[in-house]
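Colleague: Quick mapping for you: the protein sequence lines, in order, are chains A and B. Just so we're aligned, residue 47 is where the first sequence starts under my numbering, counting upward by one. Just so we're aligned, residue 47 is where the second sequence starts under my numbering, counting upward by one.
Protein chains: 2
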Amino acid sequence: MTPFDALSTPLARRLRDGLDRICTVMRADQWGVAEESGLNPTQAHVLTFVAGRGATGMRVRSIADHLGVAQPTATDSIGALVRKGLLTKVADPEDARAVAIRVTPAGHDVVRGLGLAITSAERALETLSMKEQSTLLGLVIKTIRALQQAGAIPPQRLCVSCRYFRAYVHDDEDIPHHCALVDAPFGGRHLRLDCPEHEQAEPEALDAAWKVFDRGADDLPMST
Amino acid sequence: MTPFDALSTPLARRLRDGLDRICTVMRADQWGVAEESGLNPTQAHVLTFVAGRGATGMRVRSIADHLGVAQPTATDSIGALVRKGLLTKVADPEDARAVAIRVTPAGHDVVRGLGLAITSAERALETLSMKEQSTLLGLVIKTIRALQQAGAIPPQRLCVSCRYFRAYVHDDEDIPHHCALVDAPFGGRHLRLDCPEHEQAEPEALDAAWKVFDRGADDLPMST
DNA sequence: ACAAAATAAATAGGAGTCCTATTTATTAAA
DNA sequence: TTTAATAAATAGGACTCCTATTTATTTTGT
Numbered sequence: 047m048t049p050f051d052a053l054s055t056p057l058a059r060r061l062r063d064g065l066d067r068i069c070t071v072m073r074a075d076q077w078g079v080a081e082e083s084g085l086n087p088t089q090a091h092v093l094t095f096v097a098g099r100g101a102t103g104m105r106v107r108s109i110a111d112h113l114g115v116a117q118p119t120a121t122d123s124i125g126a127l128v129r130k131g132l133l134t135k136v137a138d139p140e141d142a143r144a145v146a147i148r149v150t151p152a153g154h155d156v157v158r159g160l161g162l163a164i165t166s167a168e169r170a171l172e173t174l175s176m177k178e179q180s181t182l183l184g185l186v187i188k189t190i191r192a193l194q195q196a197g198a199i200p201p202q203r204l205c206v207s208c209r210y211f212r213a214y215v216h217d218d219e220d221i222p223h224h225c226a227l228v229d230a231p232f233g234g235r236h237l238r239l240d241c242p243e244h245e246q247a248e249p250e251a252l253d254a255a256w257k258v259f260d261r262g263a264d265d266l267p268m269s270t
Numbered sequence: 047m048t049p050f051d052a053l054s055t056p057l058a059r060r061l062r063d064g065l066d067r068i069c070t071v072m073r074a075d076q077w078g079v080a081e082e083s084g085l086n087p088t089q090a091h092v093l094t095f096v097a098g099r100g101a102t103g104m105r106v107r108s109i110a111d112h113l114g115v116a117q118p119t120a121t122d123s124i125g126a127l128v129r130k131g132l133l134t135k136v137a138d139p140e141d142a143r144a145v146a147i148r149v150t151p152a153g154h155d156v157v158r159g160l161g162l163a164i165t166s167a168e169r170a171l172e173t174l175s176m177k178e179q180s181t182l183l184g185l186v187i188k189t190i191r192a193l194q195q196a197g198a199i200p201p202q203r204l205c206v207s208c209r210y211f212r213a214y215v216h217d218d219e220d221i222p223h224h225c226a227l228v229d230a231p232f233g234g235r236h237l238r239l240d241c242p243e244h245e246q247a248e249p250e251a252l253d254a255a256w257k258v259f260d261r262g263a264d265d266l267p268m269s270t
């Protein structure tokens with residue numbers, strides 16, 4: 047039918063390479079943003095991660111896993127942040143081998159500053175239509191799920207893997223989902239990738255939820 | 047209607063953060079792949095970039111721009127690759143200030159090896175349906191265009207910006223586009239992000255092509 | 001033609017990433 | 001309890017990545 051099927055690189059490969067291009071920009075963006083706070087991208091990443099989760103203190107290991115780097119690398123970056131007074135390390139009461147890493151007040155200030163920046167990647171994504179953005183979000187979430195299932199990244203706090211999530215339970219196609227925690231309907235464009243209120247659903251429930259989500263997103267009839 | 051519109055982070059921001067998660071995996075992937083060849087991700091990136099374009103020799107500046115790093119950083123990495131015998135630097139005949147950087151035969155061998163690896167990101171993308179992958183490709187391309195227009199990345203050799211590209215000229219919805227260079231129809235799933243045969247279209251033609259592409263991808267009638 | 005401005009790349013200098021391998025504690029298991 | 005597994009730190013080394021500056025050329029404006 048067309049010679050392209052045979053000749054071109056596999057679709058998934060091209061997709062990966064395309065995402066890689068976007069990643070390049072994001073790295074460069076991050077230097078710009080982080081630098082204003084006297085940090086580099088890795089430090090900024092560590093700091094915001096701990097700020098987002100570590101009210102009670104994070105372990106070195108989970109920080110390393112989240113960043114996708116070796117544990118000594120995380121130790122390095124945490125050290126740099128401790129030196130700058132943005133993180134503290136205290137003994138973990140539950141395990142004498144471990145440390146609990148927390149953000150200092152100064153650290154929280156920096157995190158706030160980092161959050162204000164709008165990067166060129168974000169601006170580029172804003173040029174897509176709402177519908178496109180929301181489609182893209184769905185596809186990104188599915189990709190993250192696959193990565194999670196493959197063990198390539200630690201579990202994320204996704205709406206779709208939450209016990210309070212109910213996929214496609216409303217007729218309104220604009221906001222077909224429901225969050226049982228706040229007891230409100232919402233739509234694909236509202237799906238979160240890292241919800242603080244997330245509570246992991248049971249495996250069977252999770253499977254079922256994903257199935258509904260998969261079916262719904264692809265080719266749902268346009269009404270009811 | 048739903049409290050989520052008011053409460054949640056902007057869609058583009060969540061999208062960026064989601065892509066960021068995928069980037070993290072890709073960085074980690076790249077360590078694994080590159081390391082087998084005795085390289086690190088940056089070196090692998092430089093090497094494949096030069097191999098893909100630099101038959102006649104690349105400038106330090108374009109390599110730096112492609113990687114999104116400062117020029118001295120590119121000098122560093124090029125130096126590491128020259129030391130390893132994978133790149134060579136020769137005086138540029140057109141400009142005595144510049145150098146032409148080329149891949150050595152040993153370098154080409156390494157590039158071949160790098161290309162064989164299948165990363166976990168690629169595998170994750172393969173779990174999406176063909177339709178989803180091809181939708182995602184379209185959205186990635188649009189995002190790259192926006193980044194290009196904002197000057198955040200140098201021009202890519204995209205089908206859609208090529209003078210041989212004809213968007214939506216065929217009735218067959220599976221392969222609606224046409225490449226005038228090879229004179230064959232092809233579909234969204236075949237779109238390239240870095241085609242060696244690419245020739246930049248004139249600005250007005252480009253605008254027109256993008257317009258057709260934009261309209262087509264979003265909500266084209268299902269037949270004819 | 002010629003000083004001034006712009007450009008190509010290298011250098012200097014320094015903080016910090018990132019790795020593997022190993023060591024030091026502590027906790028869990030056989 | 002030995003033995004294993006785990007949490008984190010250390011050691012050591014190659015390189016990334018930055019800003020600022022320097023050294024050559026080219027390009028421009030007069």
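Note that CB positions come from ideal geometry on N, CA and C, so glycine has one too.
Would Thr102/A be called buried (16 or more neighbouring beta carbons within 10 Å of its own) or exposed?
Modeller: Numbered from 1 along the first sequence, position 56 holds the residue referred to as residue 102/A. Label assigned to Thr102/A: exposed.
Colleague: Could you check whether Ala255/A and Val206/A sit closer than 8 Å to each other, using their CB atoms as the reference points?
Modeller: Stepping through the first sequence from its first residue, residue 206/A is reached at position 160. Stepping through the first sequence from its first residue, residue 255/A is reached at position 209. Yes, they are a contact pair.
Colleague: Over the uninterrupted alpha helix (DSSP H) stretch that includes Ile68/B, give me the two end residues.
Modeller: If you number the second sequence from 1, residue 68/B lands on position 22. Its alpha helix (DSSP H) spans residues 57-82.
Colleague: Between Ile68/B and chain A, is any beta-carbon pair separated by less than 8 Å?
Modeller: In the second sequence, residue 68/B corresponds to position 22, counting from 1. By this cut-off, Ile68/B is an interface position.
Colleague: Quick check on the DSSP output: what are the complete alpha helix (DSSP H) runs of length 4 or more inside the segment 193-232 of chain A, in order along the chain?
Modeller: List check, alpha helix (DSSP H) in window: nothing returned.
Colleague: With a threshold of 16 other CB atoms inside 10 Å of the CB of Gly114/B, please say whether the residue is buried or exposed.
Modeller: Your numbering for residue 114/B matches position 68 in the second sequence. It counts as buried.
Colleague: Between the alpha carbons of Leu171/B and Glu250/B, how many angstroms are there, rounded?
Modeller: Translated into the one-based positions of the second sequence, residue 171/B becomes position 125. Translated into the one-based positions of the second sequence, residue 250/B becomes position 204. Cα-Cα distance, rounded: 35 Å.
Colleague: How is Arg148/B classed by DSSP in three states: helix, strand or coil?
Modeller: Against the second sequence, residue 148/B aligns to sequence position 102. Strand, per DSSP.
Colleague: If you run the structure through DSSP and keep just helix, strand and coil, what is Leu133/A?
Modeller: Counted from its first residue, the first sequence places residue 133/A at position 87. Leu133/A falls in the strand class under three-state DSSP.
Colleague: Within a Cβ cutoff of 7 Å, which residues of the same chain sit near Tyr214/A, ignoring the five residues on either side of it in sequence?
Modeller: Taking the first sequence and counting its residues from 1, one reaches residue 214/A at position 168. For Tyr214/A, where only same-chain residues beyond five positions count, the Cβ hits under 7 Å are Pro222, His223, Val258, Gly262.
Colleague: Hey, Ile68/B and Ile190/A: beta-carbon distance below 8 Å or not?
Modeller: If you number the second sequence from 1, residue 68/B lands on position 22. If you number the first sequence from 1, residue 190/A lands on position 144. Against a cut-off of 8 Å, the Cβ pair of Ile190/A and Ile68/B comes out as a contact.
Colleague: For the alpha helix (DSSP H) holding Arg143/B, just list the boundary residues, first then last.
Modeller: The sequence position of residue 143/B within the second sequence is 97, counting from 1. Taken as a continuous stretch (DSSP letters only), Arg143/B belongs to no alpha helix (DSSP H), as it is neither H nor E.
Colleague: Strictly under 8 Å for the Cβ-Cβ distance: is Arg169/B near chain A by that measure?
Modeller: Numbered from its first residue, the second sequence carries residue 169/B at position 123. Chain A contact via Cβ: present.
Colleague: Any beta carbon from chain B within less than 8 Å of Thr173/A's own beta carbon?
Modeller: One-based indexing of the first sequence puts residue 173/A at position 127. It does: the Cβ of Thr173/A has a partner Cβ on chain B nearer than 8 Å.
Colleague: List the residues of chain A whose Cβ lies closer than 7 Å to the Cβ of Ala192/B, in chain order.
Modeller: Translated into the one-based positions of the second sequence, residue 192/B becomes position 146. Result: Ala170, Thr173.
Colleague: From which residue to which residue does the alpha helix (DSSP H) around Glu168/B run?
Modeller: Translated into the one-based positions of the second sequence, residue 168/B becomes position 122. From DSSP, the alpha helix (DSSP H) with Glu168/B extends over 166-172.
Colleague: Give every residue of the same chain whose Cβ lies closer than 8 Å to the Cβ of Leu93/B, excluding the five residues on either side of it in the sequence, and list them in chain order.
Modeller: The sequence position of residue 93/B within the second sequence is 47, counting from 1. So the qualifying residues of the chain are Leu85, Leu127, Leu132, Leu133, Val149, Gly153, Val156, Val157, Leu160.
Colleague: Can you tell which of Ala230/B, Pro201/B, Arg105/B has its C-alpha closest to the C-alpha of Ala247/B?
Modeller: Stepping through the second sequence from its first residue, residue 247/B is reached at position 201. Among Ala230/B, Pro201/B, Arg105/B, the Cα nearest to that of Ala247/B belongs to Pro201/B.
Colleague: To the nearest whole angstrom, what separates the beta carbons of Arg209/A and Glu243/A, a pair I think is in contact under 8 Å?
Modeller: Here the question's residue 209/A lines up with position 163 in the first sequence. Here the question's residue 243/A lines up with position 197 in the first sequence. Not a contact, Cβ separation roughly 10 Å.
Colleague: DSSP beta-bridge partners for Met176/A?
Modeller: Residue numbering aside, residue 176/A sits at position 130 when the first sequence is read from its first letter. DSSP, once it has assigned bridges, lists no residue as partnering Met176/A.
Colleague: Beta-carbon of Ser207/A versus every beta-carbon of chain B: anything under 8 Å?
Modeller: On the first sequence, position 161 is the one that residue 207/A refers to. With 8 Å as the cut-off, Ser207/A does not count as an interface residue toward chain B.
Colleague: Kindly indicate if chain B contains any beta-carbon less than 8 Å away from that of Met72/A.
Modeller: Here residue 72/A refers to the residue found at position 26 of the first sequence. Yes, because at least one Cβ of chain B sits closer than 8 Å to the Cβ of Met72/A.
Colleague: Starting from the Cα of Gln195/B, find the closest Cα among Ala198/A, Ile147/A, Lys130/A, Thr173/A and give me that residue.
Modeller: Start at 1 with the first residue of the second sequence, and residue 195/B comes out as number 149. Answer by Cα proximity: Thr173/A.
Colleague: For Arg33/A, return the contacting residues in chain B, with the cut-off set at a CB-CB distance below 8 Å.
Modeller: Nothing about residue 33/A can be reported from this structure: the residues present for chain A run from 47 to 270 only.
Colleague: Only counting the same chain, and skipping five residues up and downstream in sequence, which positions put a Cβ closer than 8 Å to that of His216/B?
Modeller: Mapped onto the second sequence, residue 216/B falls at position 170. Here the set comprises Pro222, His223, His224, Pro231.
Colleague: Compute the Euclidean distance between the alpha carbons of Arg169/A and Gln76/B, then round it to the nearest angstrom.
Modeller: Position 123 of the first sequence, counted from the first residue, corresponds to residue 169/A. Position 30 of the second sequence, counted from the first residue, corresponds to residue 76/B. About 27 Å.
Colleague: Could you give the first and the last residue of the continuous alpha helix (DSSP H) run that contains Ser54/B?
Modeller: Numbered from 1 along the second sequence, position 8 holds the residue referred to as residue 54/B. Where Ser54/B is concerned, there is no enclosing alpha helix (DSSP H), given that its DSSP letter is neither H nor E.
Colleague: For the alpha helix (DSSP H) that contains Arg235/B, what are its first and last residues?
Modeller: Working through the second sequence from its first residue, we reach residue 235/B at position 189. Arg235/B -> no alpha helix (DSSP H), and no H or E assigned at all.
Colleague: Whose C-alpha, out of Phe211/A, Val136/A, Leu162/A, is nearest the C-alpha of Cys241/A?
Modeller: In the first sequence, the residue the question calls residue 241/A occupies position 195. Closest by alpha carbon: Phe211/A.
Colleague: Beta-carbon of Asp264/B versus every beta-carbon of chain A: anything under 8 Å?
Modeller: Here residue 264/B corresponds to residue number 218 of the second sequence, with the count starting at 1. The predicted position of Asp264/B is uncertain, since its pLDDT is 49 and thus under 50; a value taken from the coordinates is nonetheless stated next. By this cut-off, Asp264/B is an interface position.
Colleague: With 16 other CB atoms within 10 Å as the buried threshold, where does Gln117/B fall?
Modeller: Here residue 117/B is taken as the residue at index 71 of the second sequence, counted from 1. When all chains shown are included, Gln117/B counts as exposed.
Colleague: Report the option in Leu182/B, Ala198/B, Arg143/B, Gly197/B whose CA atom is closest to the CA atom of His236/B.
Modeller: Along the second sequence, read from residue 1 onward, the residue named residue 236/B stands at position 190. That would be Leu182/B, whose Cα lies nearest to the Cα of His236/B.
Colleague: What residues of chain B sit near Lys130/A, judged by a beta carbon separation below 7 Å?
Modeller: Residue mapping note: residue 130/A aligns to position 84 of the first sequence, counting from 1. Residues of chain B passing the Cβ test: none, with the nearest at roughly 22 Å.
Colleague: Please name the residue in Ala90/B, Met104/B, Val145/B whose C-alpha comes closest to that of Ser123/B.
Modeller: Here residue 123/B refers to the residue found at position 77 when the second sequence is read from its first residue. When only C-alpha atoms are compared, the closest one is Ala90/B.
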